[in-house]
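J.:
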Amino acid sequence: MRTIARNEIGRLLDGLLAGYAVYAPVRRKGILVFDRIRSGDEAILDYANTRTSPKHVLMPQMETLLSSCGEDPGVSEHTDCGKPAVLFGARPCDARAFLFLDKVLRDGQSRDVYYANRRDSLLVISIGCTQPRETCFCTTTGGGPLSAEGSDILLEDLGSVYLAHVASSRGAEFAAAHGLLDTCEGEPPGSGTVNGGLQPAIEPPVDLGLLKAALDRSFDDPLWLTLAEKCLGCGICSYLCPACHCFDIVDEEAAGVRVRNRVWDSCQFSCFTAQASGFNPRPTGRERYRQRIMHKFNYCIDNHGMAGCVGCGRCVSECPVNLDMRQVLAAFGGRRGGN
Amino acid sequence: MTDCTARIREETARLLAEGRVDLVIGFEEGSLPLRATPCFITEPGDTGRLIWNAFCSNNLARYLIRSDRKVGIVAKGCDTRAIVELIKEKQVRREDVVIIGVPCHGMVDPHEVRERFGDIRIQTVEDTGGKLVAGDGTALLSMNREDALHRSCRVCVQRNPVISDVLVGEEVEERTRDEFTDVADFASRSAGERWEYIAGEMSRCIRCNACRNACPLCYCSKCFVDETRPQWVGRGTDPSDVLSFHLMRVLHLAGRCVECGACVRACPMGVDLGTLNRRMSADVARMFGCRPGLDPGKPAPLSTFDPDDPQDFMLEP
Numbered sequence: 039m040r041t042i043a044r045n046e047i048g049r050l051l052d053g054l055l056a057g058y059a060v061y062a063p064v065r066r067k068g069i070l071v072f073d074r075i076r077s078g079d080e081a082i083l084d085y086a087n088t089r090t091s092p093k094h095v096l097m098p099q100m101e102t103l104l105s106s107c108g109e110d111p112g113v114s115e116h117t118d119c120g121k122p123a124v125l126f127g128a129r130p131c132d133a134r135a136f137l138f139l140d141k142v143l144r145d146g147q148s149r150d151v152y153y154a155n156r157r158d159s160l161l162v163i164s165i166g167c168t169q170p171r172e173t174c175f176c177t178t179t180g181g182g183p184l185s186a187e188g189s190d191i192l193l194e195d196l197g198s199v200y201l202a203h204v205a206s207s208r209g210a211e212f213a214a215a216h217g218l219l220d221t222c223e224g225e226p227p228g229s230g231t232v233n234g235g236l237q238p239a240i241e242p243p244v245d246l247g248l249l250k251a252a253l254d255r256s257f258d259d260p261l262w263l264t265l266a267e268k269c270l271g272c273g274i275c276s277y278l279c280p281a282c283h284c285f286d287i288v289d290e291e292a293a294g295v296r297v298r299n300r301v302w303d304s305c306q307f308s309c310f311t312a313q314a315s316g317f318n319p320r321p322t323g324r325e326r327y328r329q330r331i332m333h334k335f336n337y338c339i340d341n342h343g344m345a346g347c348v349g350c351g352r353c354v355s356e357c358p359v360n361l362d363m364r365q366v367l368a369a370f371g372g373r374r375g376g377n
Numbered sequence: 362m363t364d365c366t367a368r369i370r371e372e373t374a375r376l377l378a379e380g381r382v383d384l385v386i387g388f389e390e391g392s393l394p395l396r397a398t399p400c401f402i403t404e405p406g407d408t409g410r411l412i413w414n415a416f417c418s419n420n421l422a423r424y425l426i427r428s429d430r431k432v433g434i435v436a437k438g439c440d441t442r443a444i445v446e447l448i449k450e451k452q453v454r455r456e457d458v459v460i461i462g463v464p465c466h467g468m469v470d471p472h473e474v475r476e477r478f479g480d481i482r483i484q485t486v487e488d489t490g491g492k493l494v495a496g497d498g499t500a501l502l503s504m505n506r507e508d509a510l511h512r513s514c515r516v517c518v519q520r521n522p523v524i525s526d527v528l529v530g531e532e533v534e535e536r537t538r539d540e541f542t543d544v545a546d547f548a549s550r551s552a553g554e555r556w557e558y559i560a561g562e563m564s565r566c567i568r569c570n571a572c573r574n575a576c577p578l579c580y581c582s583k584c585f586v587d588e589t590r591p592q593w594v595g596r597g598t599d600p601s602d603v604l605s606f607h608l609m610r611v612l613h614l615a616g617r618c619v620e621c622g623a624c625v626r627a628c629p630m631g632v633d634l635g636t637l638n639r640r641m642s643a644d645v646a647r648m649f650g651c652r653p654g655l656d657p658g659k660p661a662p663l664s665t666f667d668p669d670d671p672q673d674f675m676l677e678p
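In the order they appear, the protein sequences are chains A and B.
Numbering-wise, this note's numbering puts 166 at position 128 of the first sequence, and it's gapless, one number per residue.
Numbering-wise, this note's numbering puts 464 at position 103 of the second sequence, and it's gapless, one number per residue.
Structure follows, in structure tokens:
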């Protein structure tokens with residue numbers, strides 16, 4: 039059994055700061071986010087989850103892909119991601135989102151070199167959940183409060199100590215190289231019960247298989263119009279989502295430096311599908327909201343074998359009009375036991 | 362069930378049954394504690410979904426834009442202020458809207474309630490006699506309702522509907538005059554300090570456009586930030602682009618912002634848009650003697666010319 043004492047975490051992170059860019063949950067003006075820390079004691083350990091997801095560590099909201107300068111015909115590719123990084127304190131849902139992003143951006147038909155380079159130099163140390171929020175639905179989408187998918191090391195919170203589950207060979211090497219973990223006698227409490235005792239607290243309202251089958255038949259369902267009626271068409275759900283990854287490419291120029299930037303984009307924006315001809319294949323909220331749900335719970339399962347949602351609940355808790363995706367999924371007949 | 366809830370249901374059923382409207386926009390119970398959510402009722406049999414409580418904070422006037430139906434709308438003071446401006450700007454025809462006006466005691470900010478009660482898992486909230494009583498199934502905790510209001514509600518000067526076709530509930534007493542004391546401190550700081558504060562706030566913006574989309578007066582069919590030929594404002598988080606978006610938005614709302622606070626409530630990052638908007642509203646009030654949405658007969662200050670308009674900005678200081 040390998041453990042690390044809670045009050046040793048600060049020292050552990052301090053030790054990593056020399057060699058790694060360390061990201062951890064911190065409070066910025068009252069809002070919890072993942073950000074670079076400069077000292078181990080900045081990391082917040084008592085939290086349900088952060089307001090924004092940690093996906094920006096792998097896919098910044100804005101990044102420069104290419105640049106060129108003045109009369110120089112050469113183009114620089116900005117593929118170097120700098121120092122290797124450690125993401126400390128991700129929740130299992132967010133770590134699982136990395137598994138999904140890997141399928142789309144790194145391991146699939148096309149390899150996004152910018153994402154892949156960051157991902158390959160990132161080590162993920164996640165912390166399992168002890169208290170699900172009222173918006174959590176990770177178990178619906180195949181995860182769980184102690185799921186280690188996407189993590190290299192999962193820490194199980196036992197109060198004054200964390201029990202470490204090494205979840206990848208890189209995690210094992212890392213733990214050994216940094217002397218991260220103490221070894222003591224005894225059986226690991228949570229091992230073998232991936233979802234611990236928490237699973238019943240997060241009732242899966244839908245069955246993903248049934249939902250997918252229902253969505254296959256629902257492209258023209260009038261329900262989309264009703265469901266999308268109150269949607270404001272903002273990008274909160276997409277931008278807070280750990281799995282949404284759509285982007286726009288923009289070329290900009292200032293003071294003789296030309297850059298090609300990638301910026302996050304959202305399928306909920308009207309200009310997302312606006313074409314140069316002036317035609318927009320998704321002209322209203324009905325088509326745009328349908329796309330968001332279909333992409334996550336239908337097309338992603340076809341294309342990547344995994345839903346594009348990890349049930350973190352950020353879209354549920356932060357939607358300004360309380361458009362609750364769980365209700366939308368249930369409305370399509372994916373309820374367990376049939377509907 | 363509160364009296365207001367019962368009356369809203371009754372009026373909605375009547376309007377639909379009489380065929381005066383195609384739908385009524387109101388609120389129903391949200392999926393989470395401390396939340397109500399907009400709903401659209403088209404059948405008299407569905408009126409039982411409608412509610413009225415301390416969490417009906419969305420500005421429903423936003424849903425009137427580009428509607429081609431006869432609409433009944435449940436409206437607080439600020440919602441009616443927005444409707445007044447939308448009518449003036451010819452975005453809504455008065456005869457197409459039936460306003461079910463509801464005097465408002467101020468809407469409660471769920472964040473304030475959670476902040477006060479810490480980590481208890483709130484399941485119920487009672488709103489009685491100026492107190493909010495939150496319960497987690499075992500214990501009950503109480504706080505003053507006034508302490509939990511949204512910022513915009515704390516400085517609201519129009520809690521009763523400005524215009525309505527049916528008034529539901531007792532009129533409430535309007536509070537004392539608003540002297541913009543909430544932005545007095547900000548206004549008194551040096552330009553450098555103000556810049557630093559606003560730049561700090563903007564650094565948290567994630568460009569989700571929720572402020573714009575929640576706003577009942579942001580109805581341009583193509584917003585300047587969505588222009589791509591040419592691109593007016595960069596779409597990323599470059600500080601100059603973020604600031605350009607917010608400054609141009611606030612200036613476009615000068616003389617039109619009804620101070621409902623919908624932008625502030627929608628922001629997922631807690632960006633202090635309120636200070637920027639309220640500072641602008643203070644200028645409009647001082648320079649033009651205008652509080653948008655309060656007077657249906659008064660033309661919008663920045664779309665009309667008056668020889669007495671302040672013109673010092675055109676002269677040497």
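Every residue gets a Cβ at the ideal spot worked out from N, C-alpha and C, and that includes glycine.
Being a predicted model, the structure only gives us computed values, none of them experimental.
What residues match up with Cys107(A) in a beta bridge as DSSP calls it?
T.: Val295(A)
J.: Rounded to whole angstroms, how far is the Cβ of Ile47(A) from the Cβ of Gly68(A), which I believe are closer than 8 Å?
T.: Contact doesn't hold; Cβ gap of about 22 Å is too wide.
J.: Quick one: which chain B residues come within Cβ less than 7 Å of Lys93(A)?
T.: Ordered by position in chain B, no residue passes the 7 Å Cβ test against Lys93(A), which lies about 12 Å from the chain.
J.: Tell me which same chain residues have a C-beta within less than 8 Å of the C-beta of Val359(A), skipping the five on either side of it?
T.: Lys268, Cys269, Leu270
J.: Mind listing the chain A neighbours of Cys651(B)? Cutoff is C-beta to C-beta under 7 Å, in chain order.
T.: Going along chain A, no residue has its Cβ under 7 Å from Cys651(B), so there is no contact; the nearest lies around 28 Å.
J.: Could you tell me which of Val60(A), His94(A), Arg89(A) sits nearest to Ala81(A), measuring between CA atoms?
T.: Val60(A)
J.: Using a Cβ cut-off of 8 Å (strictly closer), state whether Arg375(B) contacts chain A.
T.: no
J.: Compute the beta-carbon to beta-carbon distance between His283(A) and Gly146(A), rounded to the nearest angstrom, for a pair I have assumed lies under 8 Å.
T.: That pair is no contact at about 12 Å.
J.: Enumerate in chain order the residues of its own chain whose CB-to-CB distance from Thr173(A) is below 7 Å, with the five nearest sequence positions on each side excluded.
T.: Gly351, Val354, Ser355
J.: Indicate the three-state DSSP secondary structure (helix, strand or coil) for Asp286(A) in the structure shown.
T.: strand
J.: Spatial neighbours of Leu528(B) within its chain, please: C-beta separation below 6 Å, excluding the five flanking residues on both sides.
T.: Gly462
J.: Tell me whether the beta-carbon of Gly323(A) lies closer than 8 Å to the beta-carbon of Phe138(A).
T.: no
J.: Assess contact between the stretch 427-443 of chain B and the stretch 514-530 of chain B, defined as three or more Cβ pairs (one per stretch) separated by less than 8 Å. Is contact present?
T.: yes
J.: Pick from Asp364(B), Ile559(B), Val603(B): whose alpha carbon is nearest that of Arg573(B)?
T.: Val603(B)
J.: Taking DSSP's pairing of strands, which residues face Glu389(B) in a bridge?
T.: Thr398(B), Leu411(B)
J.: Under 8 Å: do the stretch 550-560 of chain B and the stretch 498-508 of chain B share three or more Cβ pairs, one atom per stretch?
T.: no
J.: Report the rounded CA-to-CA distance for Met609(B) versus Val458(B), giving the unit in angstroms.
T.: 30 Å
J.: Quick check on Phe72(A): does DSSP put it in helix, strand or coil?
T.: strand
J.: Can you list, in chain order, the residues of its chain whose CB lies under 7 Å from that of Gly108(A), leaving out five sequence neighbours each side?
T.: Gly294
J.: Shorter than 8 Å from the beta carbon of Glu291(A) to some beta carbon of chain B?
T.: no
J.: Just tell me which of Pro657(B), Leu637(B), Gly635(B), Pro662(B) has its CA closest to the CA of Ala646(B).
T.: Pro662(B)
J.: Which stretch, first to last residue, makes up the alpha helix (DSSP H) that contains Arg66(A)?
T.: Here Arg66(A) belongs to no alpha helix (DSSP H); instead the beta strand (DSSP E) covers 59-66.
J.: Can at least three beta-carbon pairs, one atom from the stretch 539-551 of chain B and one from the stretch 654-669 of chain B, be found at a separation below 8 Å?
T.: no
J.: Anything in the stretch 417-449 of chain B with a Cβ closer than 8 Å to a Cβ of chain A? List those residues in chain order, please.
T.: Asn419, Arg423, Tyr424
J.: Spatial neighbours of Gly616(B) within its chain, please: C-beta separation below 8 Å, excluding the five flanking residues on both sides.
T.: Val645, Phe649, Cys651, Pro653, Ala661, Pro662, Leu663, Ser664
J.: Excluding the five sequence neighbours on either side, which residues of its own chain have a C-beta within less than 6 Å of the C-beta of Ala86(A), listed in chain order?
T.: Arg171
J.: Quick check: does the Cβ of Phe585(B) come within less than 7 Å of any heavy atom belonging to the ligand MG?
T.: This structure does not include the ligand MG; it has no bound ligands of any sort.
J.: When you check each C-beta in the stretch 569-587 of chain B against every C-beta of chain A, which residues fall closer than 7 Å?
T.: Cys569, Asn570, Ala571, Asn574, Ala575, Asp587
J.: Give the DSSP-derived three-state secondary structure of Arg381(B) in the structure shown.
T.: Coil, per DSSP.
J.: According to DSSP, is Met100(A) part of a helix, a strand, or is it coil?
T.: strand
J.: Any beta carbon of chain A sitting closer than 8 Å to that of Arg475(B)?
T.: no
J.: Assign Asn419(B) to buried or exposed, taking buried as 16 or more other Cβ atoms, counted over all protein chains shown, within 10 Å of its Cβ.
T.: buried
J.: Please state if the CB of Val244(A) and the CB of Thr178(A) are separated by a distance shorter than 8 Å.
T.: yes
J.: Cα separation between Leu55(A) and Ala202(A)?
T.: Here the alpha carbon of Leu55(A) sits roughly 20 Å from the alpha carbon of Ala202(A).
J.: With the cut-off set at 8 Å, would you say Val348(A) and Arg134(A) are in Cβ contact?
T.: yes
J.: At 4 residues or longer, and completely inside the stretch 450-480 of chain B: list those alpha helix (DSSP H) runs for me, N to C.
T.: 471-478
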